[in-house]
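Same order as they appear, the protein sequences are chains A and B. The end of the first sequence is residue 220 by our numbering, with every number in the run present. The end of the second sequence is residue 365 by our numbering, with every number in the run present. Note that the Cβ used here is the ideal one computed from N, Cα and C, for glycine as well. Below: one structure, written as structure tokens.
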Amino acid sequence: MPKKMQLKYEWNVAYRIEHWVHVASMIVLIFTGFYIHWPFFGGGPESQIMAWMRFLHFLSMYTLLIGLVLRIYMSFNSRFDADWRDFSVIQNLKGVPEMIAYYTFLKDKHTEYRKYNPLQAFTYLSWAGIIILQALTGFALYSGDFFGLFSSQAAFGWLNRLLGGESHTRVWHFLIMWYFIITAVVHVYMSLLQTLVKRDRTFQSMFTGYKLSSATGKKR
Amino acid sequence: MRKEHGLATRDLVDRLRYSGVGRRDFLKFCGLTAGLLGLSEAYIPRIANALEKGTKRPPVVWLNFASDTGCTESLIKATYPNAADLVLDILSVDYNETIMAAAGQQVEEILQKSLKEGNYILVIEGGIPTKHGYGMIAGKDMMDIAKEFAPKAIAILAVGSCATYGGVPAANPNPSAIKGVADVLGPAYKGKIVNLDLCPVNVEVLVAVVVNYLLFKKLPELDSFGRPKTFYGQLIHDNCERRAHFDAGRFVEKFGTEEEALGHCLYKMGCKGPMTHAPCPKIMYNDRVSWCIKAGAPCIGCGEQGWTDKFAGFYERLPGVSIPGFKGVEFTADKIGLAAGAAAAIGIAAHALGSTKRIKKGGEE
Numbered sequence: 001m002p003k004k005m006q007l008k009y010e011w012n013v014a015y016r017i018e019h020w021v022h023v024a025s026m027i028v029l030i031f032t033g034f035y036i037h038w039p040f041f042g043g044g045p046e047s048q049i050m051a052w053m054r055f056l057h058f059l060s061m062y063t064l065l066i067g068l069v070l071r072i073y074m075s076f077n078s079r080f081d082a083d084w085r086d087f088s089v090i091q092n093l094k095g096v097p098e099m100i101a102y103y104t105f106l107k108d109k110h111t112e113y114r115k116y117n118p119l120q121a122f123t124y125l126s127w128a129g130i131i132i133l134q135a136l137t138g139f140a141l142y143s144g145d146f147f148g149l150f151s152s153q154a155a156f157g158w159l160n161r162l163l164g165g166e167s168h169t170r171v172w173h174f175l176i177m178w179y180f181i182i183t184a185v186v187h188v189y190m191s192l193l194q195t196l197v198k199r200d201r202t203f204q205s206m207f208t209g210y211k212l213s214s215a216t217g218k219k220r
Numbered sequence: 001m002r003k004e005h006g007l008a009t010r011d012l013v014d015r016l017r018y019s020g021v022g023r024r025d026f027l028k029f030c031g032l033t034a035g036l037l038g039l040s041e042a043y044i045p046r047i048a049n050a051l052e053k054g055t056k057r058p059p060v061v062w063l064n065f066a067s068d069t070g071c072t073e074s075l076i077k078a079t080y081p082n083a084a085d086l087v088l089d090i091l092s093v094d095y096n097e098t099i100m101a102a103a104g105q106q107v108e109e110i111l112q113k114s115l116k117e118g119n120y121i122l123v124i125e126g127g128i129p130t131k132h133g134y135g136m137i138a139g140k141d142m143m144d145i146a147k148e149f150a151p152k153a154i155a156i157l158a159v160g161s162c163a164t165y166g167g168v169p170a171a172n173p174n175p176s177a178i179k180g181v182a183d184v185l186g187p188a189y190k191g192k193i194v195n196l197d198l199c200p201v202n203v204e205v206l207v208a209v210v211v212n213y214l215l216f217k218k219l220p221e222l223d224s225f226g227r228p229k230t231f232y233g234q235l236i237h238d239n240c241e242r243r244a245h246f247d248a249g250r251f252v253e254k255f256g257t258e259e260e261a262l263g264h265c266l267y268k269m270g271c272k273g274p275m276t277h278a279p280c281p282k283i284m285y286n287d288r289v290s291w292c293i294k295a296g297a298p299c300i301g302c303g304e305q306g307w308t309d310k311f312a313g314f315y316e317r318l319p320g321v322s323i324p325g326f327k328g329v330e331f332t333a334d335k336i337g338l339a340a341g342a343a344a345a346i347g348i349a350a351h352a353l354g355s356t357k358r359i360k361k362g363g364e365e
């Protein structure tokens, strides 16, 4: 343990579960999504492989959406850590140049933030946005009805018109997924890097909840 | 032919019997139409009644604009019950440039008479060039003819994808600026125009819409593309006869293979069935003999607005994406994704290299 660092309870159980549920459903979504885009292996004679892939795809999207709703609820109402202030766009914009300078090796140190640095905050905020976008485009592509109440086309068909037809909705749905894949890979890389550079157990903290902290961080 | 024998004056059933269609066949046709419209069998006699009142049927004026007359072709190939003429009789077509026997002055008189009397069902086949001089009949721009005939029509049926949104003639680069009927006539005609998409139009759908009008004196409920919901409410994919193969993950990878012979799903051959709302799998074509996917061809999505451009290439899963700044260059979504992914990987690798210094430093702290 490097000097002047102490254990800090960073993530409570709810945040950790939420994180891993999102990871699991995202992995399922990406895998089944690629399969639906281009079925790269066939099923056996009695298989219902594509039907299962689609079922899992829809199921994990619902899981993800419910997770997002809970996450938004927690960020306002969590007794442990209601962190919605950390996502303030205006506050974070000021910190962006410094973070970019840090990550491009133009600066050696950056301001310590309470929980997320500005780039992190923007990325996570964008994830909330793209989950909603993926849900909307997904529902627009989905043909069926919701509990027999209304059809997906009646509810979300406007989006197809806006984007120029279902084929274009499909392209957007696909490209937005790539945005997520790339940012998620960067996310994993950054957490590993942080763990290695600062030796602060960032990576482990999403399992244990505890992280090493040298400073109390900037107050918001 | 019949009209030369003076049969046009007799009532419909007599005329049908003359051309070999019995009463039973006629009622079968009425039952079929009732089924198409989702009406109960109690409506069959009413449909028969509506059709038999020959003199009260509104005349149909059929205008041909920029198209390959495939819809007319589809119309005269309708054989249920077994007479192509049945459909023509039901429609009571007064004017159709492609198939009418009369010509010149004689037929122009009929057309002008219809125009004067009004209350006709106006069927428009083909897109409408909006540039002067690009599509003219008897010295008149097609656009002007459409605007001349539209106000007095009781209903306007845009048949085929050319008439609805331009179709093939309006495909990029569209030099004559062809537009669909609804776009040319403007919002004043909203609710009066029925778009019967598909290339060519499905005749049974056309007849059903006309019969619906004869029965109820109103047009069917339309979706946001102006198409009757009854017929264009569902995806081809959801009613496809090959759907079981899709769910089971059995796909044709290449034409000329065993999978193709076994009739597997054409998804990977670029089938646009999952994006196209049309009644093809149910109603089919040519007297319900076959349709594209049954015949082994992937759907090209001809029932959707702007299909020629947005669904090209027809054998690709997704359309190409043009990126602003690269005019005329199209990338597939896969390539864009992979390129962005590769760029991110390179970025991470470079950053990791740069960070080794920091890692050493961090260790010393």
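* Residue range of the unbroken beta strand (DSSP E) whose run includes S213(A) -> If you look at S213(A), you'll find it in the beta strand (DSSP E) that goes Y210 to S213.
* **Interface flag, S143(A) vs chain B, CB-CB below 7 Å** => Yes, S143(A) lies at the interface with chain B (some Cβ there is under 7 Å from its Cβ).
* To do: Under 9 Å between beta-carbons, which chain B residues line up against G138(A)? List them in chain order, please.
  => Taking a Cβ-Cβ cut-off of 9 Å, G138(A) has no neighbours in chain B, whose nearest Cβ is about 13 Å from it.
* **Under 8 Å by beta carbon: chain B residues contacting M50(A)** => F246, D247, A248 and G249, listed in chain order.
* By how many angstroms is the C-alpha of E260(B) removed from the C-alpha of A312(B)? -> Approximately 22 Å between the Cα atoms of the pair.
* Asked: Cβ atoms of A208(B) and T33(B): under 7 Å apart, would you say?
  -> When the beta-carbon positions are compared, T33(B) and A208(B) come within less than 7 Å of each other.
* Considering V181(B), what are the terminal residues of the alpha helix (DSSP H) in which it resides? -> In this chain, the alpha helix (DSSP H) harbouring V181(B) covers V181 to L185.
* To do: Let me know if K198(A) comes out buried or exposed under the rule of 16 or more other beta-carbons within 10 Å of its beta-carbon.
  => The residue is buried, with at least 16 neighbouring Cβ atoms inside 10 Å.
* Interface residues of chain A facing P319(B) [CB-CB closer than 8 Å] -> For P319(B), the chain A residues whose C-beta falls within less than 8 Å of its own C-beta are S167, H168 and V171, listed in chain order.
* Rounded to a whole number of angstroms, what is the C-alpha to C-alpha distance between H237(B) and E221(B)? -> Going by the C-alpha atoms only, they are around 22 Å apart.
* To do: May I ask you to verify whether the region 336-348 of chain B touches the region 164-180 of chain A, counting CB pairs closer than 8 Å and requiring at least 3?
  => Yes, since at least three Cβ pairs between the region 336-348 of chain B and the region 164-180 of chain A fall closer than 8 Å, the two stretches touch.
* To do: Give a yes or no on whether 7 Å exceeds the smallest Cβ distance from G42(A) to chain B.
  => Output row for G42(A): interface = yes.
* Asked: In three-state DSSP terms, what is G347(B)?
  -> G347(B) sits in a helix when the DSSP states are folded into three classes.
* CB-CB under 8 Å to A128(A), same chain, minus the five flanking residues each way: which ones, in chain order? -> Excluding sequence positions up to five before and after A128(A), its CB lies within less than 8 Å of the CB of L68, R71 and I72, all in the same chain and listed in chain order.
* **Closest Cα partner of A177(B) within the set P129(B), D144(B) and I336(B)** => Put simply, of P129(B), D144(B) and I336(B) the residue whose alpha carbon is nearest the alpha carbon of A177(B) is P129(B).
* Asked: To which residues does DSSP link Q6(A) through a beta bridge?
  -> In the DSSP secondary-structure assignment, Q6(A) is bridged to S213(A).
* **Of the residues Y95(B), P319(B) and P200(B), the one placed nearest E166(A), counting alpha carbons only** => Looking at Y95(B), P319(B) and P200(B), the one whose alpha-carbon comes closest to that of E166(A) is P319(B).
* Under a CB-based cut-off of 7 Å, is L235(B) close to chain A? -> At a cut-off of 7 Å between beta-carbon atoms, L235(B) makes contact with chain A.
* Determine the contact status of K152(B) and G166(B), defining contact as a CB-CB distance below 7 Å. => In this structure, G166(B) does not lie closer than 7 Å to K152(B) by Cβ.
* Asked: When burial is assigned at 16 or more other CB atoms within 10 Å of the CB, is W11(A) buried or exposed?
  -> Result: buried.
* To do: Classify T202(A) as buried or exposed, calling it buried when 16 or more other Cβ atoms lie within 10 Å of its own Cβ.
  => T202(A) should be labelled buried.
* Going straight from the alpha carbon of W62(B) to that of C71(B), what length do you get? -> W62(B) and C71(B): Cα-Cα distance of roughly 11 Å.
* Inter-residue spacing [alpha-carbon to alpha-carbon] between N239(B) and P281(B) -> Cα-Cα distance, rounded: 6 Å.
* To do: Could you list which residues in chain C have their beta carbon closer than 7 Å to that of V69(A), in chain order?
  => Chain labels in this structure do not include chain C; the protein chains are A and B.
* Asked: Are S25(A) and T63(A) closer than 7 Å when you measure CB to CB?
  -> Yes, they are a contact pair.
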